[in-house]
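Asks:
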């Protein structure tokens, strides 16, 4: 089981801040492939990865990051703090 | 007539914060030559110009600056504000 | 406390004084504060979303990295989330060092990393409409100098 | 007031807040404060001499130059002279700008010029002995980057 967290327009577009899924995905990229297949909203959000960032267990990572042992994966747009 | 102002260790070494002199010096460098001749204290202060800065009418200048029309010349060490 | 994240407003002047008082050995103190701007005069509010948990650890990591890279006496980061009015302070960093070059460089380092590596997202609310603030390429580029 | 020179103590936090309140259009505010340091623990006081008249015009010129060179909303310089206790604020600059890069660069510019071009001289009094603080070559060198 993997907890997914969504923020900012990703959250708004998906209509939820979190979901829990069953997955065998080995990397973030693999997970994204699976998510794209869920429905149109997911397909839209993950269509252009240039505008998406990912964190695994609250650490910012690249899409090639392993999901081995991961409990929480988050997707969000580039940060705009400060 | 020219008003001379001295600051920091230059003032302390000369034992005065200001003096008024009669001079025909054309540049700051010429003036320094005249000042060196006044006494030992002046000769000491102006012996090594690497540690001396000059201002003419409250503007920082190089030693080649003209004294044409000048009313006040100041000598002091490099500034240490901030 | 060197890192603080919360909804409550803070007073940059009071924070600067408290930070300075705690680092008596430092000759140089630099602060940066980010204020909600209203350039067109029609901003109702700025809403800041964040990632609770990750935010705190990301800011702590950025602060620790600054302490390692620069000769600092101390460094702090404050950042608000939630709904902010125009003119309100959004965030603040402060650095203290024996020499000004370190204090300035560390404050810029903190800001550059905070902008692109701390999980905050800003939304501007104007005339009932809310728009996410787009990330600026130059903010990402700013990281390359460190 | 954008340039202030005097003997009286000032409150950096209160100055930062007053400065920030006056520039509502700016998103980025940077401050630098210089504090009397007592590294060895034996400093009785710092005495700061200045050149009345030239000081004010030099600081005003430095401030005006910063306003010209950078995209600033405002900039201020405060500097004390006379006898200061360890831990006391000596001086402060603050800059406000739409973007942080300008606010940071301008604050560093103000400091670099103030260090080497404003007529202040510091003396440290310890154990009854008073020594003039020597200018640092790197302060003069710092001007070359602008």
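Chains as they are written, first to last, in our numbering: chain A, 79 to 160; chain B, 79 to 160; chain C, 22 to 167; chain D, 22 to 167. The beta-carbon is built from N, C-alpha and C at its ideal position, and this holds for glycine as well.
By alpha-carbon positions, which one of A:136, A:114 and A:87 ends up nearest to residue 82 of chain C?
Replies: Out of A:136, A:114 and A:87, A:136 has the C-alpha closest to the C-alpha of residue 82 of chain C.
Asks: Looking at C-beta atoms only, is the number of pairs between the region 113-123 of chain D and the region 43-61 of chain D that lie closer than 8 Å three or more?
Replies: Yes, the region 113-123 of chain D touches the region 43-61 of chain D.
Asks: Identify whether residue 141 of chain D lies in helix, strand or coil by the three-state DSSP scheme.
Replies: Of the three classes helix, strand and coil, the one that applies to residue 141 of chain D here is strand, per DSSP.
Asks: Once DSSP output is grouped into helix, strand and coil, what is the label at residue 65 of chain C?
Replies: Residue state, collapsed to three classes: strand.
Asks: Could you please give the first and the last residue of the uninterrupted alpha helix (DSSP H) stretch that includes residue 110 of chain A?
Replies: 106-114 is the extent of the alpha helix (DSSP H) around residue 110 of chain A.
Asks: Give me the residue from D:154, D:124 and D:128 with the minimum Cα distance to residue 158 of chain B.
Replies: Of the listed residues, the one whose Cα sits closest to residue 158 of chain B is D:154.
Asks: Name the chain C residues whose beta carbon is nearer than 7 Å to that of residue 158 of chain A?
Replies: Near residue 158 of chain A (Cβ distances below 7 Å), the residues of chain C are 141, 142, 143, 154 and 156.
Asks: Measure how close the beta-carbons of residue 207 of chain A and residue 149 of chain A come, nearest whole angstrom, since I'm counting them as under 8 Å.
Replies: Look at the range of chain A in this structure, 79 to 160, and you will see that residue 207 of chain A is not part of it.
Asks: Whose C-beta lies closer than 6 Å to the C-beta of residue 160 of chain D among residues of the same chain, with five residues either side of it excluded?
Replies: Counting only Cβ-Cβ distances below 6 Å, and skipping sequence neighbours, we find 136 and 137.
Asks: Let me confirm a value: residue 115 of chain A is counted as buried when at least 16 other C-beta atoms fall within 10 Å, else exposed. Which label applies?
Replies: Exposed.
Asks: Under a three-way DSSP split, which group does residue 23 of chain C fall into?
Replies: Of the three classes helix, strand and coil, the one that applies to residue 23 of chain C here is coil, per DSSP.
Asks: Note down, in chain order, each residue of its chain lying with its Cβ closer than 6 Å to the Cβ of residue 51 of chain C, except the 5 sequence neighbours on either side.
Replies: Excluding positions up to five away in sequence, the list reads 116, 124, 125 and 128.
Asks: Does the distance from the CB of residue 124 of chain A to the CB of residue 109 of chain A come in under 7 Å?
Replies: Their beta carbons are not under 7 Å apart, which means residue 124 of chain A does not touch residue 109 of chain A by this criterion.
Asks: Can you pull the chain D residues whose beta carbon is under 8 Å from the beta carbon of residue 154 of chain B, in chain order?
Replies: Simply 72, 140 and 142.
Asks: By the 9 Å beta-carbon criterion, what residues does the region 39-64 of chain C contribute toward chain D?
Replies: The region 39-64 of chain C vs chain D, Cβ under 9 Å: 39, 41, 42, 44, 45, 46, 47, 48, 49, 50, 51, 52, 53, 54, 55, 56, 57, 58, 59 and 60.
Asks: Verify the CB distance criterion: does residue 86 of chain B have a CB-CB separation below 7 Å to chain D?
Replies: Answer yes: the Cβ-Cβ gap between residue 86 of chain B and chain D drops below 7 Å somewhere.
Asks: Note down the Cα distance separating residue 36 of chain D from residue 70 of chain D, rounded to an integer number of angstroms.
Replies: Roughly 23 Å between the two C-alpha positions.
Asks: Is it buried or exposed, residue 142 of chain D, if we count other Cβ atoms within 10 angstroms and call 16 or more buried?
Replies: Buried is the call here.
Asks: Using three-state DSSP, classify residue 145 of chain B as helix, strand or coil.
Replies: Three-state DSSP puts residue 145 of chain B in coil, outside helix and strand.
Asks: Quick check on this structure: which residue in A:85, A:147 and A:141 has the alpha carbon closest to the alpha carbon of residue 107 of chain A?
Replies: Of the candidates A:85, A:147 and A:141, the one whose C-alpha sits nearest the C-alpha of residue 107 of chain A is A:141.
Asks: Under 9 Å, CB to CB, which of the residues in the region 116-134 of chain B have a partner in chain D?
Replies: Those would be 129, 131 and 133, in chain order.
Asks: Would you say residue 136 of chain D lies against chain B (beta-carbon separation less than 7 Å)?
Replies: For residue 136 of chain D, the answer is yes, since a Cβ of chain B falls inside 7 Å of its Cβ.
Asks: If you reduce the DSSP assignment to three classes, tell me which class residue 54 of chain C lands in.
Replies: Looking at residue 54 of chain C - three-state DSSP - the assignment turns out to be strand.
Asks: Contact criterion: CB-CB distance below 7 Å. Does residue 129 of chain C meet it with respect to chain D?
Replies: Chain D contact via Cβ: present.
Asks: Can you list, in chain order, the residues of its chain whose CB lies under 7 Å from that of residue 139 of chain A, leaving out five sequence neighbours each side?
Replies: Closer than 7 Å at the Cβ level, and outside the excluded window around residue 139 of chain A, lie 106, 132 and 133.
Asks: Taking the Cβ atom as the reference point for each residue, do residue 108 of chain D and residue 38 of chain C lie within a distance shorter than 7 Å?
Replies: No, they are not a contact pair.
Asks: How far does the beta strand (DSSP E) with residue 168 of chain C in it reach, from first residue to last?
Replies: Absent from the structure is residue 168 of chain C, since the part of chain C shown begins at 22 and ends at 167.
Asks: Cβ-heavy atom distance between residue 87 of chain D and the ligand FMN below 6 Å?
Replies: Ligands in the displayed structure: none, and consequently the ligand FMN is not present.
Asks: Would you mind telling me which residues of chain A sit closer than 7 Å to residue 75 of chain C, beta carbon to beta carbon, in chain order?
Replies: The contacting residues are 133 and 136.
Asks: Check whether the Cβ atoms of residue 118 of chain D and residue 42 of chain D lie closer than 7 Å to each other.
Replies: No.
Asks: According to DSSP, is residue 83 of chain C helix, strand or coil?
Replies: If DSSP states are grouped into helix, strand and coil, residue 83 of chain C belongs with the helices.
Asks: Sort B:86, B:103, B:101 and B:118 by Cα distance to residue 95 of chain B and report the nearest one.
Replies: Among B:86, B:103, B:101 and B:118, the Cα nearest to that of residue 95 of chain B belongs to B:86.
Asks: Any beta carbon from chain D within less than 7 Å of residue 99 of chain C's own beta carbon?
Replies: No, because no Cβ of chain D sits closer than 7 Å to the Cβ of residue 99 of chain C.
Asks: For residue 100 of chain C, which residues does DSSP report across the bridge?
Replies: In DSSP, residue 100 of chain C forms a bridge with C:26 and C:112.
Asks: Give me, in chain order, the residues of the same chain whose beta-carbon lies closer than 8 Å to that of residue 127 of chain B; leave out the 5 immediate sequence neighbours on both sides.
Replies: Result list for residue 127 of chain B: 110 and 141, in chain order.
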